[in-house]
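Line by line, the protein sequences are chains A and B. The end of the first sequence is residue 186 by the UniProt record's numbering, with every number in the run present. The end of the second sequence is residue 439 by the UniProt record's numbering, with every number in the run present. As C-alpha cells, the structure follows; a few thoughts come after it.
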Amino acid sequence: MEVDKGKGEAEETRKVAEADRDTVTLKSSDGKLFEVSKEAAARLSTVLAGMIAGGSIDDNGTDLKQIGSEALENVVDYCNKHANSIPSAALISSSISFNTAPFKEPEEWERKFVDRLSHDALFDLVEAANFLGMERLLDVTCHKISEMMKGKSPDQIREVFNIKNDYTKEELEEIRQELAWAFYDD
Amino acid sequence: MDRLQEGEESLPKPSLPPEEAAIIEKVLGNDDLLREVFRRFSLPTSLVRIACVCRRWLRIVSSQGFLDDFRRLHPPRLLGSFPSKPQDLPKLLPCRELPEDLIAVTSHAKAYFSRVSKNIPFGKYVILDMRNGHMLVAIVDVCDRTRIAVIVCTPFKAAPPVYLPFSQLSAYRGTNKGEFDMFEFLPEDGGDGRSYFEVRVIKRYNGDPRFILATVGSCEGGVRGEYRATEPMRLPKGWCWSCRSTRGLLCGNKFYVFSNDEYILGLDLATMILFYIYLPEEVEMVNTEYDYYKNVDLSRGEGSNFYLIYLKGFQICVWLHDTRHSDNTSNWMLIDTISLLQVFDALAKHDFSSQGCRIYLLERSGDNAEFVYLSISDTIDNYSDTDYLLHLKTRAVEVVSESHWQTTSLLNPFMMIWPPTFPAVMNEEDEDERGHAGL
C-alpha cells in the first residue's frame with residue numbers, strides 16, 4: 001500500500017504533537033470513530049504503521065473509507081486485545097512441526113475472537129485485515145475459514161459458501177478415481 | 001468426519017441472503033485471499049477435496065506456485081513403515097496418532113496390497129526401494145530365493161503393479177560369490193512407475209582388491225537401457241562388502257554407499273565418475289560380533305548434500321555433508337547432537353545403565369535427517385527387540401514394532417505422496433469462458 005511520505009516540513013510540528021498521544025483515531029466508511037493503541041496499530045498493521053510514520057494520521061479521525069464500522073470495530077477490538085495479551089509459553093513450545101513451523105496456531109483468545117463472529121463479520125474482517133496489511137489477523141481469520149471447509153464434502157462447501165458447481169458428473173468422477181486416496185471409502 | 005457425496009450437477013442454491021453472499025464473494029472471489037485460506041490446510045487430502053468444489057478452486061490448488069508454497073509449509077508426512085524382510089505381503093506399520101484423513105490413506109494402501117496379492121505369482125515380497133508413492137519390489141522364490149519378478153507397486157493408485165525387466169544375476173548376494181555388490185533403487189522423485197536403476201560395484205577388478213569399478217543399468221519407461229561402466233578406481237583401502245549399507249543412497253544424481261570404515265563411496269550417475277569421501281574424524285564405525293556397522297546411516301539432503309547419522313553410545317550426532325564447499329578442507333558440519341537418555345526418559349522401559357541393552361540404527365532414515373529408526377534389544381530380560389521411530393527435530397519417539405528373537409535390519413518409510421496429480425479436466429477454452437464461474 002502506498003503511503004504518502006512527501007509531506008512538507010511544516011507537518012513536522014504536528015507530527016511531534018501526535019507522537020505524544022498513545023492512541024490513534026480511525027474513522028469508518030459510515031463515519032464512526034474508534035480509538036486504538038498506537039503501538040498495537042503500528043505493530044499489527046503495515047498500512048497503519050506507514051500512516052503513523054508518514055504523519056498522515058488525522059487527530060479528528062483518520063478516514064478508512066473502505067472499512068465499515070462493524071469490521072473496524074472488530075479490527076480495533078483485535079488490536080486492543082492483542083496489546084493486552086502475553087504470548088503464552090505453552091504456545092511457543094507446542095507449535096511443533098517437523099520442519100520450520102508454518103503458521104503459529106491461533107492462540108486461545110484469538111480462536112475465541114473469531115469464533116464469536118457471524119459469517120458476514122468474519123468475511124468482512126478478512127477484507128479489512130487484507131486492506132490494512134494485518135498479517136496476523138489475516139492468518140487467524142483465514143485459518144478460521146479453512147477450518148469451516150475442513151471435513152466438509154464439496155457439496156457442503158458449495159452450499160455454505162454459495163458456490164456453483166461447474167463440473168460435469170464425469171469430471172468429478174475422474175478426480176475421485178485419480179485421487180481416491182484423499183476420499184473415504186464408502 | 002463427513003463422508004463425501006458427489007451430487008448431481010447441482011444448481012446454485014440461493015440459500016444465503018444476498019448481502020452475505022456478496023461479502024463471501026468479495027473474499028473468496030479474490031484469488032489471493034482464497035490462496036491464503038487454502039495455505040492453511042495442513043494435509044494434501046484437504047486440497048484434493050477443495051479441488052472438487054469448482055474449476056477455479058482446482059486451478060488455484062493445482063498451480064505450481066501454490067503447490068511449491070504448500071509443500072514448503074507442510075512437508076509430506078510419514079504415514080508408516082514397511083519392514084524389508086521377505087514377506088508374504090508388504091506389511092504396513094502405520095504411525096501412531098495420525099490425523100483421521102491420513103488413517104484413511106493408510107487403509108487405502110492396505111486395501112491395495114490385499115487386492116494385488118491375489119494376482120501376484122507365488123513368492124515372497126522383498127522391498128528394494130520406496131519413493132514418493134512408488135514401491136520397487138522383487139518377488140522371490142520361497143525356496144531358493146531366486147527372482148520371479150520385479151514390480152513397481154503404487155499403493156496410492158488403483159492401477160495394478162507394473163512388471164519390469166530384471167536380470168536374474170542380481171538374485172541376491174549369495175549367488176555372486178562376493179564379486180560385486182548390487183543396489184537397486186527408484187529415481188529420486190519416484191519416477192513414472194516403470195523406471196529404476198541398478199548399480200553394481202565390482203570388487204577386485206583384475207584380481208586386485210584395491211581396484212573397483214561400477215556399472216549402471218537403468219530401466220526407463222519399462223525398457224532396459226544400455227549398461228554404462230566407470231573407469232576402474234584405486235581405493236585407499238579395500239572394498240568391504242559386509243559393510244553396513246544394503247541400500248546406498250541416491251541423492252541429486254549421485255549415489256553414495258558406505259564402503260568401509262573410513263570413507264563413503266560416491267558415484268556420479270551423470271558423468272559416471274567414482275569418488276570417495278572420508279568420514280569425519282570423530283566418526284567411528286563399530287563392528288562387533290553382533291552387528292556390522294549398525295551405528296551409521298545416510299539421509300538425503302537438498303541437491304547432492306546428504307546427512308550422516310552417527311550413533312555413539314547414547315548419543316546421536318547428525319553431520320551434514322555440503323558438496324558446495326569444494327575446497328579440500330572438510331565438507332562435514334556437525335549440525336545436531338541428541339541424547340537418547342533424555343529422549344527415552346519418558347519411556348523408562350529400558351535399562352540404559354547396565355550392559356543390558358544394545359542400541360543400533362536401522363536403515364532408512366528419513367530425508368533431510370527428519371527421523372531415524374532405532375532398535376533396542378533387551379539382552380538380559382527376555383531378548384526382546386523394540387524398534388522405535390525418533391523424530392530428530394522434535395525429539396518425539398514412538399514404537400514401531402516389538403518382537404522376540406527376530407530382528408529387523410531395515411524399515412522403509414512410507415511417505416505421503418506429493419504432489420497430488422490432478423487430472424486435466426480443464427482446458428484453455430474453459431479457463432477463458434468460466435474463469436469466474438466458480439462464484
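We put the CB at the ideal spot given by N, CA and C, even for glycine.
Tell me whether the beta-carbon of A51 (chain B) lies closer than 7 Å to the beta-carbon of V37 (chain B). Along the second sequence, read from residue 1 onward, the residue named residue 51 (chain B) stands at position 51. Along the second sequence, read from residue 1 onward, the residue named residue 37 (chain B) stands at position 37. Not closer than 7 Å, so no.
Beta-carbon spacing of P17 (chain B), I175 (chain A) below 7 Å: To locate residue 17 (chain B), count along the second sequence from 1; it is residue 17. To locate residue 175 (chain A), count along the first sequence from 1; it is residue 175. Their beta carbons are not under 7 Å apart, which means P17 (chain B) does not touch I175 (chain A) by this criterion.
Can you tell me where the alpha helix (DSSP H) holding R115 (chain B) begins and where it ends? Along the second sequence, one-based indexing puts residue 115 (chain B) at 115. For R115 (chain B), the uninterrupted alpha helix (DSSP H) run begins and ends at 100-116, by DSSP.
Below 7 Å between beta carbons is the criterion; list the residues of the region 45-59 of chain B that meet it against any residue of chain A, in chain order. Answer in chain order: T45, S46, V48, R49, I50, A51, C52, V53, C54, R55.
Given that L138 (chain A) touches chain B, what residues does it touch there, using C-beta distances under 9 Å? Counting from one through the first sequence, the residue named residue 138 (chain A) turns up at place 138. Correct list: L33, E36.
Excluding sequence positions up to five away, which residues of its chain have a Cβ less than 6 Å from the Cβ of Y125 (chain B)? Translated into the one-based positions of the second sequence, residue 125 (chain B) becomes position 125. Within the same chain, Y125 (chain B) has close Cβ partners Q87, P90, V137.
Please state whether DSSP places A214 (chain B) in a helix, a strand or coil. Here residue 214 (chain B) refers to the residue found at position 214 when the second sequence is read from its first residue. A214 (chain B) falls in the strand class under three-state DSSP.
On the DSSP bridge assignment, give the partners of V36 (chain A) in chain order. Looking up residue 36 (chain A) in the first sequence gives position 36. Listed as beta-bridge partners of V36 (chain A) by DSSP are A:V24.
Using CA atoms only, rank isn't needed, just tell me which of B:K294, B:R300, B:D261 is closest to E281 (chain B). As a position in the second sequence, residue 281 (chain B) is number 281, starting the count at 1. Looking only at B:K294, B:R300, B:D261, the smallest Cα-Cα distance to E281 (chain B) is reached by B:D261.
Using only CA atoms, which one of B:L34, B:F197, B:Y205 lies nearest to G221 (chain B)? Counting from 1 along the second sequence, the entry for residue 221 (chain B) is found at position 221. Selected option, being the one with the closest Cα: B:F197.
On the DSSP letters alone, give me the boundaries of the beta strand (DSSP E) that N412 (chain B) sits inside. By 1-based counting over the second sequence, the position of residue 412 (chain B) is 412. For N412 (chain B), the enclosing beta strand (DSSP E) starts and ends at 411-415.
Just to make sure I have the definition right: I need the residues of chain A whose C-beta is within less than 9 Å of the C-beta of E19 (chain B). Which are they? Along the second sequence, read from residue 1 onward, the residue named residue 19 (chain B) stands at position 19. Listed by position along chain A, the residues whose Cβ is nearer than 9 Å to that of E19 (chain B) are D120.
Say yes only if the C-beta of L311 (chain B) is nearer than 6 Å to one or more non-hydrogen atoms of the ligand NAD, and no if none qualify. Ligands in the displayed structure: none, and consequently the ligand NAD is not present.
Quick one: is H108 (chain B) near chain A, going by C-beta distance under 7 Å? Here residue 108 (chain B) refers to the residue found at position 108 of the second sequence. True, the Cβ-Cβ gap to chain A drops below 7 Å.
Just to confirm, are P232 (chain B) and L213 (chain B) a CB contact at a threshold of 7 Å? What you label residue 232 (chain B) is simply residue 232 of the second sequence in a count that begins at 1. What you label residue 213 (chain B) is simply residue 213 of the second sequence in a count that begins at 1. With respect to L213 (chain B), P232 (chain B) sits close: the two C-beta atoms are nearer than 7 Å.
Going by DSSP, name the residue or residues bridged to R200 (chain B). Taking the first residue of the second sequence as 1, we reach residue 200 (chain B) at position 200. Beta-bridge partners of R200 (chain B) (DSSP): B:M182, B:T215.
Pairwise C-alpha distance: M135 (chain B) and R115 (chain B): Within the second sequence, numbered from 1, the residue matching residue 115 (chain B) stands at position 115. Within the second sequence, numbered from 1, the residue matching residue 135 (chain B) stands at position 135. Between R115 (chain B) and M135 (chain B), the C-alpha separation is close to 15 Å.
Considering just the uninterrupted stretch of the alpha helix (DSSP H) at D115 (chain A), what are its terminal residues? As a first step, residue 115 (chain A) must be located in the first sequence, where it is residue number 115. Residues 108-115.
Put D189 (chain B) into one of helix, strand or coil per three-state DSSP. Taking the first residue of the second sequence as 1, we reach residue 189 (chain B) at position 189. In the structure shown, D189 (chain B) sits in coil (DSSP, three-state: anything other than H, G, I, E or B).
Is any beta-carbon of chain B found at less than 7 Å from that of L132 (chain A)? Translated into positions along the first sequence, residue 132 (chain A) becomes position 132. Residue contact with chain B for L132 (chain A): absent (no Cβ-Cβ distance below 7 Å to any residue of chain B).
Determine, using beta carbons only, whether R40 (chain B) comes closer than 7 Å to chain A. If you number the second sequence from 1, residue 40 (chain B) lands on position 40. Yes, because at least one Cβ of chain A sits closer than 7 Å to the Cβ of R40 (chain B).
Which listed residue (B:R364, B:P44, B:H108) has its alpha carbon closest to that of V296 (chain B): Start at 1 with the first residue of the second sequence, and residue 296 (chain B) comes out as number 296. The residue with the shortest Cα to Cα distance from V296 (chain B) is B:R364.
For the region 21-30 of chain B against the region 390-402 of chain B, are there 3 or more C-beta pairs whose distance is under 8 Å? The region 390-402 of chain B and the region 21-30 of chain B do not touch, with fewer than three beta-carbon pairs separated by less than 8 Å.
Start and end residues, alpha helix (DSSP H) containing A128 (chain A): Sequence index remark: in the first sequence, residue 128 (chain A) carries index 128 (1-based). For A128 (chain A), the enclosing alpha helix (DSSP H) stretches over residues 119-131.
Of the residues B:K157, B:S377, B:P187, which one's Cα is nearest the Cα of T421 (chain B)? Along the second sequence, read from residue 1 onward, the residue named residue 421 (chain B) stands at position 421. When B:K157, B:S377, B:P187 are compared, the shortest CA-CA separation from T421 (chain B) is found for B:K157.
Contact between the region 156-171 of chain A and the region 106-113 of chain A is defined here as three or more beta-carbon pairs at a separation below 8 Å; is this criterion met? They do not touch, by the three-pair rule.
Strictly by DSSP, which residues pair up with F371 (chain B)? The residue given as residue 371 (chain B) occupies position 371 in the second sequence. F371 (chain B) pairs with B:H391.
List the residues of chain E whose Cβ lies closer than 7 Å to the Cβ of D124 (chain A), in chain order. No chain E is part of this structure, whose protein chains are labelled A and B.
Starting from V48 (chain B), trace the alpha helix (DSSP H) in both directions and tell me its first and last residue. Walking along the second sequence from the start, residue 48 (chain B) turns up at place 48. Counting along the chain, the alpha helix (DSSP H) containing V48 (chain B) begins and ends at 44-51.
For Y78 (chain A), does the three-state DSSP call read helix, strand or coil? Numbered from its first residue, the first sequence carries residue 78 (chain A) at position 78. It is helical.
Within the 7 Å Cβ cut-off, does E135 (chain A) reach chain B? Here residue 135 (chain A) corresponds to residue number 135 of the first sequence, with the count starting at 1. For E135 (chain A), the closest Cβ of chain B is not nearer than 7 Å.
Beta carbon proximity, L179 (chain A) to chain B, threshold 7 Å: Start at 1 with the first residue of the first sequence, and residue 179 (chain A) comes out as number 179. Chain B, which has a Cβ nearer than 7 Å to the Cβ of L179 (chain A), makes this yes.
Just the chain B side, please: which residues come within less than 9 Å of E110 (chain A) by C-beta, in chain order? Here residue 110 (chain A) corresponds to residue number 110 of the first sequence, with the count starting at 1. Under a criterion of Cβ atoms nearer than 9 Å, no residue of chain B is adjacent to E110 (chain A); the nearest Cβ is some 13 Å distant.
Check the Cβ of R157 (chain A) against every Cβ in chain B and list those closer than 7 Å, keeping chain order. Taking the first residue of the first sequence as position 1, residue 157 (chain A) is located at position 157. This sequence places Ile at residue 157 (chain A); Arg is not what is there. What I157 (chain A) touches in chain B: V53.
Thinking H82 (chain A) and A129 (chain A) are a contact (beta carbons under 8 Å), I'd like their distance in whole angstroms, please. Working through the first sequence from its first residue, we reach residue 82 (chain A) at position 82. Working through the first sequence from its first residue, we reach residue 129 (chain A) at position 129. The C-beta distance from H82 (chain A) to A129 (chain A) rounds to 12 Å, too long to meet the 8 Å contact threshold.
In the DSSP assignment, the alpha helix (DSSP H) including M285 (chain B) goes from what residue to what residue? For the purposes of this step, residue 285 (chain B) is taken as the residue at position 285 of the second sequence. Element bounds for M285 (chain B): n/a, residue is neither H nor E.
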